[in-house]
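Have a look at the structure below before the remarks.
Residue numbers (my numbering): 7 to 597.
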């Protein structure tokens, strides 16, 4: 059966070559790539390409993935051949790392800084000529400071490294190795609260426990009583201070008391903390739980962020600051009044966000409209904002679990493209490039990086103690890197295109509504004097898109060219005379 199939493919290729030769027109190139600009060729060339594409589609998936066979990767590589154009600014592709679960260098089952350093070449090897790394040029480190928990969001010391992760020298080595590769590093800075075991809180608690009955706390006697929000009355989000009749604010957990960010003394502490980490070479900060600095008060939170932004930028003008403001778009847009670079774009993320909703039951056009609405919304409050799109993070179920059915893998792939091709600084949570699974309790969302199917292999982490056993849906890295149809290869190609075209991250969005519909979304990105089109087919079936009336820069109609493709299968995309034929769940860059 396979021999006969090969014969049919060869016959189709030969027939196509004969037709082109007989025609003697153009450059004699048949449709052998996944996207061919045939705008100046004869119709017979297109027929040859269609014959080859048809034969390829008949070939079964098992045969396609064999050595030397046609894969989505091989087709994408025929077109995605441009050089990276990396600009040294804050429009980057960031890789979120939970060090605890990433890579273990010392055999204790817990990921560490040296393990991350050892695996930096996986994220970015610093050599634009290679294609073995993901291509991310930024790393967001989830908390690395000393803590009493596995997640480390309850900080006990803001100026040290948790011993589970290594030493300060290990951190310095990591930063140096990142910078050698052109990778910027931002660290999680938890300003909303500390651990109850932080010396600030322990000192304040001891003072209150020994305060004479009826006496009021005096900051001149114990400055740390002003570092937190103590009250004699029980309020929402407050916990009882054992051994006293005092309560303290702790919005997330009784062991994480909230700081009083209105206190100048607290702000002075963070001024010194920022100095400490900037001196070590970090490139910015991710601000945890910014919405809860003053729970329920946008204006006060904006004021805190404005202070922090000014303070940091005076020290390092190009530092990158991104805040977690987990709320609706209309609300977090207002936080840009503070001047900070970015807020995470929650409206497009998670199982109920724009991306997932469009793919599961929405219209492709609604994606384009949402992009423009976002742009209009954020630009009301800042003319220098950098959106921070992401698809999932450590607090959300992983994206591979959002879809079911025959097209679930293709939807998982195209969702990553919809995120990574957005304007701004895009974020990718570790393991999403492999389609890792994990949902339910937080520990499951922070499972060990899936380097190998064998959990006993060197470097594999054991994961959080209370994590459930998770059955992965897709293969480990060692499997996916050999599979040209894998999620991993698709994500790599997406990041490659993001790095190749500065317009993708930095471009202003225009929605081409006249050529968009329920299946197709066409947007234009304009950056400096350059324009390109991003054409998304968000449906499972092939479509034809008439681009004859659409312009990209000074080009239109038959002058338009394919600049890149993202394919979830082994069917080609072809642009001819302004008409783009593209397979289901694909993206084509037209310029």
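Note that beta-carbon positions come from the ideal geometry of N, C-alpha and C, so glycine has one too. These numbers come from a predicted model, not from an experiment.
Rounded to whole angstroms, how far is the Cβ of residue i from the Cβ of residue j, which I believe are closer than 8 angstroms?
{"i": "residue 304", "j": "residue 337", "result": "7 angstroms"}
{"i": "residue 543", "j": "residue 525", "result": "6 angstroms"}
{"i": "residue 613", "j": "residue 353", "result": "Residue 613 lies beyond the stretch modelled for the chain, which goes from 7 to 597, so this question has no answer here."}
{"i": "residue 540", "j": "residue 593", "result": "6 angstroms"}
{"i": "residue 486", "j": "residue 493", "result": "7 angstroms"}
{"i": "residue 343", "j": "residue 387", "result": "5 angstroms"}
{"i": "residue 503", "j": "residue 570", "result": "5 angstroms"}
{"i": "residue 347", "j": "residue 328", "result": "6 angstroms"}
{"i": "residue 109", "j": "residue 452", "result": "Not a contact, Cβ separation roughly 14 angstroms."}
{"i": "residue 139", "j": "residue 128", "result": "6 angstroms"}
{"i": "residue 371", "j": "residue 522", "result": "5 angstroms"}
{"i": "residue 455", "j": "residue 437", "result": "6 angstroms"}
{"i": "residue 134", "j": "residue 90", "result": "5 angstroms"}
I need the straight-line Cα distance from residue i to residue j, nearest angstrom please.
{"i": "residue 616", "j": "residue 213", "result": "The first residue shown for the chain is 7 and the last is 597, placing residue 616 beyond what the model contains."}
{"i": "residue 280", "j": "residue 191", "result": "14 angstroms"}
{"i": "residue 443", "j": "residue 145", "result": "21 angstroms"}
{"i": "residue 71", "j": "residue 292", "result": "Bear in mind that a pLDDT of 47 at residue 71, under 50, signals an unreliable position, so the number given afterwards is only what the model happens to contain. Whole-angstrom Cα-Cα distance: 40 angstroms."}
{"i": "residue 405", "j": "residue 463", "result": "26 angstroms"}
{"i": "residue 208", "j": "residue 260", "result": "13 angstroms"}
{"i": "residue 548", "j": "residue 589", "result": "4 angstroms"}
{"i": "residue 363", "j": "residue 429", "result": "19 angstroms"}
{"i": "residue 269", "j": "residue 147", "result": "27 angstroms"}
{"i": "residue 478", "j": "residue 490", "result": "19 angstroms"}
{"i": "residue 577", "j": "residue 78", "result": "8 angstroms"}
{"i": "residue 295", "j": "residue 568", "result": "42 angstroms"}
{"i": "residue 193", "j": "residue 187", "result": "18 angstroms"}
{"i": "residue 618", "j": "residue 266", "result": "Any question about residue 618 goes unanswered here, given that the chain covers just 7 to 597."}
{"i": "residue 174", "j": "residue 196", "result": "19 angstroms"}
{"i": "residue 497", "j": "residue 391", "result": "26 angstroms"}
{"i": "residue 272", "j": "residue 165", "result": "15 angstroms"}
{"i": "residue 585", "j": "residue 538", "result": "16 angstroms"}
{"i": "residue 488", "j": "residue 102", "result": "24 angstroms"}
{"i": "residue 161", "j": "residue 170", "result": "14 angstroms"}
{"i": "residue 573", "j": "residue 535", "result": "28 angstroms"}
{"i": "residue 532", "j": "residue 512", "result": "8 angstroms"}
{"i": "residue 141", "j": "residue 130", "result": "5 angstroms"}
{"i": "residue 27", "j": "residue 461", "result": "Confidence at residue 27 is low in this model, with a pLDDT of 35, below 50, so the placement of that residue is unreliable and no value is reported for it."}
{"i": "residue 351", "j": "residue 240", "result": "34 angstroms"}
{"i": "residue 87", "j": "residue 581", "result": "17 angstroms"}
{"i": "residue 516", "j": "residue 550", "result": "21 angstroms"}
{"i": "residue 153", "j": "residue 483", "result": "31 angstroms"}
{"i": "residue 365", "j": "residue 158", "result": "35 angstroms"}
Taking residue i as the reference, which of the options has the closest Cα?
{"i": "residue 528", "options": "144, 319, 207, 376", "result": "376"}
{"i": "residue 299", "options": "258, 287, 283, 289", "result": "258"}
{"i": "residue 317", "options": "354, 77, 345", "result": "345"}
{"i": "residue 465", "options": "121, 77, 477, 100", "result": "121"}
{"i": "residue 458", "options": "445, 450, 440", "result": "440"}
{"i": "residue 424", "options": "242, 356, 489", "result": "356"}
{"i": "residue 604", "options": "176, 277, 378, 415", "result": "Here the chain covers residues 7 to 597 and nothing more, so residue 604 does not appear."}
{"i": "residue 107", "options": "117, 537, 223", "result": "117"}
{"i": "residue 285", "options": "127, 555, 177, 91", "result": "177"}
{"i": "residue 150", "options": "391, 163, 125", "result": "163"}
{"i": "residue 558", "options": "573, 574, 580, 518", "result": "518"}
{"i": "residue 520", "options": "374, 434, 256", "result": "374"}
{"i": "residue 198", "options": "240, 138, 301", "result": "301"}
{"i": "residue 184", "options": "461, 454, 322, 287", "result": "287"}
{"i": "residue 560", "options": "579, 596, 581, 575", "result": "596"}
{"i": "residue 230", "options": "237, 244, 210", "result": "210"}
{"i": "residue 448", "options": "470, 437, 431, 460", "result": "470"}
{"i": "residue 282", "options": "243, 410, 167, 113", "result": "167"}
{"i": "residue 319", "options": "290, 350, 253, 228", "result": "290"}
{"i": "residue 172", "options": "119, 216, 182", "result": "119"}
{"i": "residue 435", "options": "306, 412, 403, 476", "result": "403"}
{"i": "residue 228", "options": "216, 239, 238", "result": "216"}
{"i": "residue 2", "options": "126, 431, 546, 514", "result": "Since the first residue of the chain shown is 7 and the last is 597, residue 2 is not available in this structure."}
{"i": "residue 115", "options": "367, 467, 274, 315", "result": "467"}
{"i": "residue 389", "options": "242, 251, 514", "result": "514"}
| field | Every unbroken alpha helix (DSSP H) within the region 169-256, with a cutoff of 4 residues, ordered by chain | value | 174-186, 205-215
| message | Is it the case that the region 382-398 contacts the region 417-435, given that we only count it when at least three CB pairs across the two stretches are under 8 angstroms? | response | yes
| said: Does the structure place the region 260-273 close enough to the region 193-212 that three or more beta carbon pairs sit under 8 angstroms? | reply: yes
| query | Enumerated in chain order, which unbroken segments of the alpha helix (DSSP H) with a length of 4 residues or greater are wholly contained in the region 330-409? | reply | 335-340, 360-367, 370-385
| said: Contact between the region 409-419 and the region 378-388 is defined here as three or more beta-carbon pairs at a separation below 8 angstroms; is this criterion met? | reply: no
| request: Taking 8 angstroms as the threshold, find out whether the region 500-515 comes into contact with the region 93-108 through three or more Cβ pairs. | output: yes
| field | Entirely enclosed beta strand (DSSP E) segments - the region 430-460, minimum 3 residues | value | 432-435
| said: Suppose only complete runs of 3+ residues qualify. What are the beta strand (DSSP E) ranges in the region 525-596, listed by chain order? | reply: 526-533, 536-543, 549-552, 568-573, 579-582, 585-588, 592-596
| said: Extract the residue ranges of the alpha helix (DSSP H) inside the region 77-149, only unbroken runs of 4 or more that lie entirely within it. | reply: 78-85, 119-124, 126-129
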